[in-house]
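Q: The structure is given below, and queries will be raised subsequently.
In my numbering, the protein residues as written are 1 to 116.
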């Protein structure tokens with residue numbers, strides 16, 4: 001069961017990379033909404049990842065394993081605060097999700113697990 005609500009995260013918060021500054025304006029962050037599975041689920045996700053053939057990628061630290069619900073993209077700080085406020089109001093019921101698909105994004109080093 002997943003009890004943690006979806007919260008907006010940035011690549012910097014997931015240790016995937018820093019926010020992006022623009023010469024034309026303020027710093028922007030690449031934002032996404034994600035579910036953070038319990039530790040036991042992350043352990044099982046990591047096991048699946050270790051069994052996959054390695055192409056050009058590298059393993060992600062277990063604490064960074066998550067399920068992206070929606071990729072928002074680059075946003076300014078004000079928009080990020082608005083999204084964080086909106087996300088804080090979501091009170092989902094616990095649910096069970098079966099991760100029964102595996103794939104790789106074309107042209108990337110990212111392997112994903114998903115639900116059919």
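Ideal Cβ placement from N, Cα and C applies to all residues, glycine included. Quick caveat: nothing in here was measured; it's all calculated off a predicted structure.
List the endpoints of the continuous alpha helix (DSSP H) containing residue 41.
A: Here residue 41 is taken as the residue at index 41 of the chain shown, counted from 1. It spans 39-51 - the alpha helix (DSSP H) in which residue 41 sits, taken as one unbroken run.
Q: Does residue 77 come out as helix, strand or coil in the three-state DSSP assignment?
A: Counted from its first residue, the chain shown places residue 77 at position 77. Residue 77 falls in the helix class under three-state DSSP.
Q: Just the C-alpha distance for residue 77 and residue 104, rounded to the nearest angstrom, thanks.
A: Locating residue 77 in the chain shown gives position 77, where the first residue counts as 1. Locating residue 104 in the chain shown gives position 104, where the first residue counts as 1. Residue 77 and residue 104: Cα-Cα distance of roughly 31 Å.
Q: Confirm, please, whether the CB-CB distance from residue 79 to residue 31 is below 9 Å.
A: Locating residue 31 in the chain shown gives position 31, where the first residue counts as 1. Locating residue 79 in the chain shown gives position 79, where the first residue counts as 1. Cβ atoms of residue 31 and residue 79: closer than 9 Å.
Q: Check the C-beta distance from residue 65 over to residue 35 and give it rounded, since I have them as a contact under 8 Å.
A: What you label residue 65 is simply residue 65 of the chain shown in a count that begins at 1. What you label residue 35 is simply residue 35 of the chain shown in a count that begins at 1. No, residue 65 and residue 35 are not in contact; Cβ-Cβ is about 10 Å, not under 8 Å.
Q: Which residue's Cα is closest to the Cα of residue 37: 107, 87, 62 and 101?
A: Here residue 37 refers to the residue found at position 37 of the chain shown. Residue 37 has its Cα closest to that of 62, out of 107, 87, 62 and 101.
Q: Can you tell me where the beta strand (DSSP E) with residue 112 in it begins and where it stops?
A: The sequence position of residue 112 within the chain shown is 112, counting from 1. Residues 111-114.
Q: Ignore the nearest five residues each way along the sequence and tell me which others in residue 42's own chain have a CB closer than 8 Å to its CB.
A: Locating residue 42 in the chain shown gives position 42, where the first residue counts as 1. Excluding sequence neighbours, residue 42 sits near 62, 63 and 65.
Q: Is it buried or exposed, residue 51, if we count other Cβ atoms within 10 angstroms and call 16 or more buried?
A: In the chain shown, counting from the first residue as 1, residue 51 sits at position 51. Exposed, since its Cβ has fewer than 16 Cβ neighbours within 10 Å.
Q: Does residue 105 come out as helix, strand or coil in the three-state DSSP assignment?
A: Mapped onto the chain shown, residue 105 falls at position 105. Residue 105 falls in the coil class under three-state DSSP.
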